[in-house]
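K.L.:
Mapping the sequence shown onto the UniProt record's numbering, position 7 (from 1) lands on 7, and the numbers just tick up by one.
First the structure, then my questions, so here it is.
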Amino acid sequence: MPQPKRGRPRAFDRDRALLDAARLFWRRGYSGTSTRDLTAQLGLSTSSLYGAFGSKAELFEEAVRTYAERYREIYEQAVAATEFRTVVERVLTDSVHEFTRPDDEHPGCLLSSAAMADSTSTLDTSAYFAELQGHNERILRARVERAVEEGELPTDSDASALTGLIQSIWHGLSARANLGADRADLLAVARLGHTLICGAAAA
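Laid out in structure tokens, this is it:
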């Protein structure tokens, strides 16, 4: 009798493995997540884990960069908007949508998680996040200054303070998302912040 054909082994899903690892790092930080935790969560042997990602440190770096860089993209897309009101709206509401993606798509906001205070020998997490936030703040401030120069905002607008206010609301939304606030609640806060910022800035 002919032997039955074996089914093909399930292919390794790198994106899924990266997401599952990011969830652990989000909750426990780098030091608090062991290799055993990772292999159990990802369903991989230690050798397979190292074969796919190189090391625990490299896996952590890839997870951090993959998910944190989404916020850089949000800012870069937002500041390209024609109207300043749209810039503020996109920074806040697009970020809320990113913070509150379903659990099967996103680990949570790494910028206000256990990973923030942790690091590896090759990636200083705090320095990396500071660089990322610095980049976002610089391009946002440049966009505020442009709005002043083009007459969209009053000439006496304080670009530094206005940028700081938007950033402060952003960080508050991130922290509340990690504490479990739902999308509807965060969007309501973001929209109110947008209304208050744009109304005060134009006054």
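Note that the Cβ used here is the ideal one computed from N, Cα and C, for glycine as well.
Following the continuous alpha helix (DSSP H) through His-171, name the residue where it begins and the one where it ends.
P.N.:
Looking at the DSSP string, the run of the alpha helix (DSSP H) that includes His-171 is 159-178.
K.L.:
Please tell me whether Val-88 and His-171 are closer than 7 Å, where the distance is taken between their beta carbons.
P.N.:
Cβ distance not < 7 Å, so Val-88 and His-171 don't count as in contact.
K.L.:
For Val-88, which three-state DSSP category applies?
P.N.:
The answer is helix: DSSP assigns Val-88 an H, G or I state.
K.L.:
What do you reckon, are the CB atoms on residue 210 and Thr-122 nearer than 7 Å?
P.N.:
The structure shown does not extend to residue 210, since the chain spans only 1 to 203, so no value can be given for it.
K.L.:
Would you call the CB atoms of Val-118 and Gly-29 closer than 7 Å?
P.N.:
Reading the sequence as shown, one finds Asp at residue 118 and not Val. Yes, the pair counts as a contact, with Cβ atoms nearer than the cut-off.
K.L.:
Assuming Ala-78 contacts Val-91 (C-beta within less than 8 Å), just tell me the rounded distance between them.
P.N.:
Correct: roughly 5 Å between the Cβ atoms.
K.L.:
Should Leu-24 and Thr-33 be called a contact, given that it needs their Cβ atoms to be closer than 7 Å?
P.N.:
Going by C-beta atoms, Leu-24 is nearer than 7 Å to Thr-33.
K.L.:
Is it buried or exposed, Leu-162, if we count other Cβ atoms within 10 angstroms and call 16 or more buried?
P.N.:
When all chains shown are included, Leu-162 counts as buried.
K.L.:
CA-CA distance, Arg-10 and Ile-139?
P.N.:
Low confidence applies here, because Arg-10 scores a pLDDT of 47, under 50, leaving its location unreliable and the question unanswered by this model.
K.L.:
Starting from Asp-20, trace the alpha helix (DSSP H) both ways and give me its first and last residue.
P.N.:
Its alpha helix (DSSP H) spans residues 14-28.
K.L.:
Using C-beta distances below 8 Å, list every residue in its chain close to Gln-41, excluding the 5 sequence neighbours before and after it, in chain order.
P.N.:
Cβ within range, chain order: Asp-20, Ala-21, Arg-23, Leu-24.
K.L.:
What span of residues does the alpha helix (DSSP H) with Ala-147 cover, start to end?
P.N.:
Per DSSP, Ala-147 belongs to the alpha helix (DSSP H) from 125-149.
K.L.:
Based on Cα-Cα distance, which residue from Ala-188, Glu-61, Arg-85 lies nearest to Thr-120?
P.N.:
Out of Ala-188, Glu-61, Arg-85, Glu-61 has the C-alpha closest to the C-alpha of Thr-120.
K.L.:
Return the residue from the list Arg-176, Thr-82, Gly-199, Ala-201 that minimises the CA-CA distance to Val-189.
P.N.:
Here the closest residue by C-alpha is Arg-176.
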